[in-house]
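Per the numbering used here: the sequence shown ends with 295, consecutive numbering throughout.
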Amino acid sequence: IPQTLKDSLSLREHVFVNEQRAVPLQHHIDRDDARSCHWVLYSNSTPIGTIRLAPPPQYPHPEPGARFEAPGPKTDLHDGVESFVKLGRLCLLKEYRGNRLADLLIQEALGWARKEENREVVGGEGKDGREWKGLVCVHARIEAMKTWARNGFVLDKGMGTWFEAGIPHVGMFYRL
Numbered sequence: 120i121p122q123t124l125k126d127s128l129s130l131r132e133h134v135f136v137n138e139q140r141a142v143p144l145q146h147h148i149d150r151d152d153a154r155s156c157h158w159v160l161y162s163n164s165t166p167i168g169t170i171r172l173a174p175p176p177q178y179p180h181p182e183p184g185a186r187f188e189a190p191g192p193k194t195d196l197h198d199g200v201e202s203f204v205k206l207g208r209l210c211l212l213k214e215y216r217g218n219r220l221a222d223l224l225i226q227e228a229l230g231w232a233r234k235e236e237n238r239e240v241v242g243g244e245g246k247d248g249r250e251w252k253g254l255v256c257v258h259a260r261i262e263a264m265k266t267w268a269r270n271g272f273v274l275d276k277g278m279g280t281w282f283e284a285g286i287p288h289v290g291m292f293y294r295l
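In structure tokens:
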């Protein structure tokens with residue numbers, strides 16, 4: 120297992136499972152981790168923040184009010200068909216929050232996805248046969264919406280609000 124992935128998983132467990140008690144340990148690692156790109160922000164050699172980019176294909180959007188991921192219909196900003204990448208698992212150690220370091224992680228992941236040489240890894244023509252055309256989705260926790268909006272993401276009102284691991288989320292999109 121690459122050290123970056125180990126550091127990312129360790130940070131996520133520390134923040135989401137132990138500190139915030141937001142996610143049960145069994146939901147901390149999911150089916151996207153092995154196929155995703157992970158970034159870790161370090162202070163000296165200490166991991167302090169992380170973000171994940173999951174390439175297509177994505178599992179369907181949750182239904183508004185749902186408590187599980189169910190097949191999703193067309194929304195205000197997504198036709199229900201177009202291939203997209205998904206950013207998520209964004210977190211920072213508590214003492215590093217409030218300094219817009221999350222913006223640095225978001226912009227680094229978007230910048231990497233934007234580069235032509237990474238298109239095949241990010242999307243190219245996905246396993247589902249659909250070409251990725253630069254659409255990026257995030258399932259944002261309600262309290263993190265401002266961070267994502269500051270980085271250009273737009274709320275998809277058609278997705279409504281739903282719960283992932285008991286936490287209210289909304290869908291937001293960005294086009295590279």
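Even for Gly, the Cβ is constructed at its ideal location relative to N, Cα and C.
Just how far apart, CA to CA, sit residue i and residue j?
i: Met291; j: Leu206; result: 10 Å
i: Ala259; j: Met278; result: 12 Å
i: Leu116; j: Asn137; result: Any answer about residue 116 is impossible in this case: the structure gives the chain only from 120 up to 295.
i: Val134; j: Arg140; result: 8 Å
i: Glu201; j: Val142; result: 29 Å
i: Asp126; j: Leu144; result: 16 Å
i: Pro175; j: Leu229; result: 15 Å
i: Ile261; j: Glu132; result: 20 Å
i: Arg233; j: Phe282; result: 30 Å
i: Gly253; j: Glu235; result: 11 Å
So, for residue i: in the same chain, excluding its five sequence neighbours on each side, which residues have a beta-carbon less than 8 Å away from its beta-carbon?
i: Glu227; result: Trp158 and Ile170
i: Val273; result: Leu196, Met291, Phe292 and Tyr293
Using a Cβ-Cβ cut-off of 6 Å (strictly less than) and excluding sequence neighbours within five positions of residue i, which residues of its own chain qualify?
i: Leu212; result: Ile167
i: His146; result: Ala284
i: Thr280; result: Pro287 and Val289
i: Thr194; result: Asp275, Gly277 and Met278
Closest by CA to residue i, which one among the options?
i: Ala153; options: Thr123, Asn163 and Pro143; result: Thr123
i: Ala300; options: Trp231, Lys125, Leu209 and Glu239; result: The shown model of the chain, from 120 to 295, leaves out residue 300, and the question about it has no answer.
i: Arg269; options: Glu239, Arg219 and Asp198; result: Arg219
i: Phe203; options: Val255, Ile120, Leu130 and Lys276; result: Val255
Using a Cβ-based criterion (distance less than 7 Å to any ligand heavy atom), does residue i qualify as near the ligand MN?
i: Cys256; result: As far as ligands go, the structure on display features none, and thus does not contain the ligand MN.
Check the C-beta distance from residue i over to residue j and give it rounded, since I have them as a contact under 8 Å.
i: Leu130; j: Leu224; result: Contact doesn't hold; Cβ gap of about 11 Å is too wide.
Which residue spans inside the stretch 133 to 213 form an unbroken beta strand (DSSP E) run of at least 3? Entirely contained in the stretch 133 to 213, the beta strand (DSSP E) runs reaching 3 residues are, in chain order, 156 to 162, 165 to 173 and 204 to 211.
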